[in-house]
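What follows is a short report on a single structure.
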Amino acid sequence: MLETSRLLLRKWKQEDLEPFSKMNSNPQVMRFFPKLLNQSETGNLISKMQDHWEKYGFGLFALEEKFSGNFIGFTGLMYTNFNSFFTPAVEIGWRLDHTFWGKGFAKEAASVSLKFGFETLHLREIVSFTSRINHASRGVMESVGLKYSGEFEHPRVKLGSSLRTHVLYRISI
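Each residue of the sequence shown is one higher than the one before, starting from -2 at the first, in the working numbering.
See the structure below:
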């Protein structure tokens, strides 16, 4: 578990399924993802995240707001699961419920995740990527020190989709 002044970054709990499923079925939250996820798909995603933790000793943390105890999303580090010119790589990622946007939580959680990756896991480089049109996530990437490194066509996004062209950001020690 990691902690900031406002957040707990922790392992996943059974109680996270309902709010995470609600988040993943929200078109506003999932605007830059290929599809909405139902409760079953969300449960499978949590299982994959837990499996990553077991296999590698790190992964995506559930985010909890300390003040309220509310589940607000996730952030953390995960190996990429597709082939591209920059893979294999460890990616930093996040997804927050829309009611928590614009409060600095993504930056706060990403900053402590990067520190964990470099200081505890001794990673040499961490990448992040998003759809070219996702300016909010690009802003978070830049605010935590990642640098733009080019574009690529995401192999898991349909040809012709406005989400297919992705931007790649990197940070190294």
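Where is the CB? At the ideal position from N, CA and C, for every residue including glycine.
Open item on the list: Give me the residue from SER140, TRP98, TRP91, SER18 with the minimum Cα distance to THR127.
Closed with: It is TRP91.
- [ ] Taking only the alpha-carbon atoms, compute the straight-line gap between GLY88 and SER146 and give it to the nearest angstrom.
- [x] In the sequence on display, residue 88 carries Glu and not Gly. If you take the alpha carbons of GLU88 and SER146, they lie about 14 Å apart.
Open item on the list: Just to confirm before moving on: does the CB-CB distance between LYS8 and ALA59 stay below 8 Å?
Closed with: yes
- [ ] Could you have a look at LYS63 and say whether DSSP puts it in helix, strand or coil?
- [x] coil
Open item on the list: Taking a contact to mean a Cβ-Cβ separation below 8 Å, would you say VAL141 touches SER169 in this structure?
Closed with: no
Task: Reference MET75, options LYS63, ASP48, LEU165, closest by Cα - done: ASP48
Open item on the list: Measuring straight from C-alpha to C-alpha, what distance separates LYS112 and ARG121?
Closed with: 12 Å
- [ ] Determine the DSSP secondary structure at ILE186, reduced to helix, strand or coil.
- [x] The structure shown does not extend to residue 186, since the chain is modelled only from -2 to 170, so the question has no answer here.
- [ ] Closer than 8 Å by C-beta to SER158: which residues in its own chain qualify, once you throw out the five before and the five after it? Chain order, please.
- [x] PRO31
Task: Buried or exposed by the 16-neighbour rule on C-beta atoms within 10 Å, applied to LEU6 - done: Buried.
Open item on the list: Which residue marks the beginning of the alpha helix (DSSP H) containing ARG135, and which one marks its end?
Closed with: 132 to 140
TODO: Using beta-carbon positions only, say whether GLU62 and ARG3 come within less than 8 Å of one another.
DONE: yes
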